[in-house]
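All remarks here apply to the structure that follows.
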Amino acid sequence: MSADDPNHHFIVKPFPGATVSDMEDFVKPLTRRTPDKMILHVGTNDLRSHSTPKIIADSIVNIVTQIKEDSPAKVFERIIYDQIYAFLTDNNLLCNSQAGFRCLHSTVTALFESTNNWAYNIDQGRVNAVVFLDLKKAFDTAVNHGNLLSKLNSYGLGGAV
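Residue numbers (the working numbering): 45 to 205.
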């Protein structure tokens, strides 16, 4: 799909100061309403006049393509994620040092906390013993659904699936 494609379902108009990230933030919520036609303001020049840099035009097409590829499964996954995350958070079931998938937490957060703990231990005359594990291969195999459902049930997330 390109901006010049006569069968496209979006209109591109100039809008000064927008970045690709701004466009993505603006466009994705609009597509939840499944419009027949989408109007997208972007950049400082009109794509139809070919005065907009090609990289911006390609970015627009990539965003629109990505939006079209958002499947019901992804939407369903996000709904489930939001509900499970809220449940785990509301019931204090997440370890404070859990960094993955949490808002305002990252590997940097975890590393910062760890180095602070190590420095404190050194100041107290203690010895730090640290084990680093590479879990990249841990997720190469399929998930045992029975074990997963059992674990979820143990946290109170049960019922019909």
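Cβ atoms here follow ideal geometry from the backbone N, Cα and C, with glycine treated the same way.
Distance CB(residue i)-CB(residue j) smaller than 8 Å
i, j, result
"residue 157", "residue 141", "yes"
"residue 131", "residue 201", "yes"
Per-residue burial, residue i [other beta carbons within 10 Å of its own, 16 or more giving buried]
i, result
"residue 87", "Per-residue confidence for residue 87 stands at a pLDDT of 46, beneath the threshold of 50, marking its modelled position as unreliable; the derived number appears in the next sentence. Buried, since its Cβ has 16 or more Cβ neighbours within 10 Å."
"residue 91", "Reliability of the predicted coordinates at residue 91 is poor, the pLDDT of 46 falling under 50, and the value obtained from them is presented with this limitation in mind. Answer is buried; the Cβ neighbour count reaches 16."
Given residue i as reference, the closest of the options once Cα atoms are compared
i, options, result
"residue 147", "125, 164, 160 and 163", "125"
At least three beta-carbon pairs within less than 8 Å, the region 124-138 to the region 148-157: Result no; under three Cβ-Cβ pairs closer than 8 Å.
Taking three-plus beta-carbon pairs below 8 Å as touching, is the region 187-197 in contact with the region 161-172? With the cut-off at 8 Å, the region 187-197 and the region 161-172 do not touch.
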